[in-house]
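Note sheet for the following structure.
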Amino acid sequence: MAGEPTMTKIQSQLLDIADLHVEIPTARGMVKAVDSVTLSVRAGEAVGIVGESGSGKSMLALSIMQLVPRPGRIASGRISLAGRDLLQLSEREMRQVRGNEVGMIFQDPSTSLNPVLRVGRQVAETIEAHHPAADSWQQSVDMLRSVSIPDPQRRVRDYPHQYSGGMRQRVMIAIGMANRPKLLIADEPTTALDVTVQAQIMDLLRSMNAETGTAILLISHNIALVSRFCSRVLVMYAGRIVEEGPTAELFHQPKHPYTRALLSALPRIDRKLPQGLTTIGGRPPDLARLPAGCAFFDRCQDRIETCRTERPPAFSVGPGRSARCWLADEGKPSC
Ligand SMILES: Nc1ncnc2c1ncn2[C@@H]1O[C@H](COP(=O)(O)OP(=O)(O)OP(=O)(O)O)[C@@H](O)[C@H]1O
Ligand SMILES: [Mg+2]
């Protein structure tokens with residue numbers, strides 16, 4: 000299923016997240032949106048995060064930018080970028096990181112662009128915020144050209160509503176890439192776009208990754224997309240990373256029952272409906288009332304008694320691979 004992963008110039012460790020917890024106080028109790036997440040991204044690498052709606056993907060992305068919406072907050076953990084501890088930075092210092100060292104394409108472009116500002120102005124402002132430049136307007140023309148906006152000299156003067164959905168998404172990429180960040184976080188960058196435009200946007204991200212060496216953290220529901228684009232994948236469930244590994248191995252031989260369920264829920268061309276299209280039975284747990292053991296327990300077809308009461312650690316299941324599942328514990332024949 001996995002295609003050729005993106006060609007990347009993989010160098011040293013760029014992003015390091017250790018034991019990150021993001022909590023949101025609610026009337027129901029404390030929602031653990033991100034629960035003990037540890038991950039790393041190397042310079043130039045393209046890493047994917049997949050998982051059902053509500054599993055904490057966006058909260059994880061926003062915590063890297065320190066933009067977790069109130070009353071949510073980073074409760075504990077460490078986030079470092081190129082060796083610098085981001086959680087120790089002042090808000091002023093963090094503003095220099097956002098849009099400069101780390102770019103982000105937000106999940107909903109329609110709310111991320113300012114409707115009353117010309118598109119060119121919005122790109123230019125991102126550039127000026129970090130590098131005062133007399134030619135920022137010309138640079139924004141160049142950025143729009145680089146994301147294949149036709150006639151950029153003229154289109155910089157237009158307002159967002161004069162752009163189509165795909166074009167607006169390109170503008171978001173232009174803004175995200177304007178300062179050639181070391182890391183670009185793309186949260187569902189192609190949702191709501193038709194497949195042709197989706198393919199164009201992904202080609203664009205791929206060439207930026209190859210040309211500028213920008214590492215990409217791609218968040219998507221779309222497993223096929225992630226498998227084509229990323230060399231490594233993280234699977235999130237109920238705020239935790241439950242499986243991690245190189246794309247081809249992880250999708251060909253998933254070790255966590257949740258990953259297996261996600262994959263079998265995918266429509267496949269070689270299977271006939273109606274028996275072909277399965278959904279994962281049951282519902283994700285309430286993140287304010289997580290069970291003591293494995294969060295997937297209620298929905299898991301392979302569960303054993305230990306899973307009810309004991310939270311599984313991440314077991315190593317091969318080179319660069321891990322799975323948070325008691326059945327992945329060495330010596331157990333079921334995995
Ligand atoms: N303001 C809030 N108050 C309470 N809970 C919240 C709030 N915002 C988010 N959450 C919860 O935090 C969890 C993680 O949300 P998040 O947006 O990160 O999910 P996601 O994986 O990005 O989902 P999607 O795929 O739908 O974008 C969800 O269970 C959600 O219900
Ligand atoms: Mg999201």
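In numbering that gives the first Met the number 0, the protein residues as written are 0 to 334. Glycine included, every Cβ here is placed at the ideal spot set by N, Cα and C.
| Query | Result |
| --- | --- |
| Whole-angstrom distance between T278 and R270, CA atom to CA atom | The pLDDT assigned to R270 is 49, lower than 50, so where the model puts this residue is not dependable; a value taken from the coordinates is nonetheless given after this. Cα to Cα, the separation comes out at about 14 Å. |
| Close Cβ partners of M142 (< 6 Å) along its chain, the five nearest in sequence each way excluded | V122, A173, A177 |
| D141: first and last residue of the uninterrupted alpha helix (DSSP H) it sits in | 135 to 145 |
| Neighbourhood of P180 by C-beta distance below 7 Å, restricted to the same chain and skipping five residues each side | N99, E100, V101, G102, T213 |
| CB contact flag (A45, N208, <8 Å) | yes |
| 8 Å Cβ cutoff met for R169 and I184 | no |
| Residue from V49, C306, R72 with nearest C-alpha to S226 | V49 |
| Opening and closing residue of the beta strand (DSSP E) in which V155 lies | Unbroken run through V155: none, as it is neither H nor E. |
| Cβ-heavy atom distance, K56 to ligand 1, below 7 Å | yes |
| Length of the line joining the Cα atoms of D193 and E329 | 44 Å |
| Chain-order list of residues whose beta-carbon lies under 8 Å from that of D186 (same chain, five-residue window excluded) | K56, S57, A60, M103, I104, F105, Q106, I218 |
| Inter-residue spacing [alpha-carbon to alpha-carbon] between G275 and P312 | For G275, the predicted structure reports a pLDDT of 46, less than 50, and the residue's modelled location is therefore unreliable. A value from the coordinates is still provided. About 33 Å. |
| Beta strand (DSSP E) segment containing Y236, residue limits | 231 to 236 |
| L32 CB to nearest heavy atom of ligand 1 below 7 Å | Checking the displayed sequence, the identity of residue 32 turns out to be Ala instead of Leu. Under cutoff, so the answer is yes. |
| H255 Cβ short of 7 Å to ligand 1 heavy atom set | no |
| Assumed close pair S35, D15 - CB separation to whole angstroms, cut-off 8 Å | Not really, about 15 Å apart at Cβ, beyond 8 Å. |
| 6 Å CB neighbourhood of I23 in its chain, flanking five on each side removed | V30, A32, G71 |
| Cβ-heavy atom distance, D186 to ligand 2, below 7 Å | yes |
| Status (buried if at least 16 other CB within 10 Å, exposed otherwise) for R231 | buried |
| Short Cβ contact (8 Å threshold) for L262 with P256 | no |
| Nearest-angstrom beta carbon gap, G119 and S139 [assumed within contact, 8 Å] | 5 Å |
| Distance CB(G238)-CB(S54) smaller than 8 Å | yes |
| Beta-carbon proximity check, S111 vs M171, cutoff 8 Å | yes |
| Coarse secondary structure for E248, derived from DSSP in three states | helix |
| Bridge partners - E51, DSSP secondary structure assignment | Bridge partners of E51: none, in fact. |
| L203 beta carbon less than 8 Å from that of V146 | yes |
| P284 beta carbon less than 8 Å from that of E51 | no |
| Burial state of I362 (16 or more Cβ within 10 Å) | Lying before the first or after the last residue shown, residue 362 is absent from the chain, which here runs from 0 to 334. |
| N-terminal and C-terminal residue of the alpha helix (DSSP H) that Q95 is part of | 90 to 96 |
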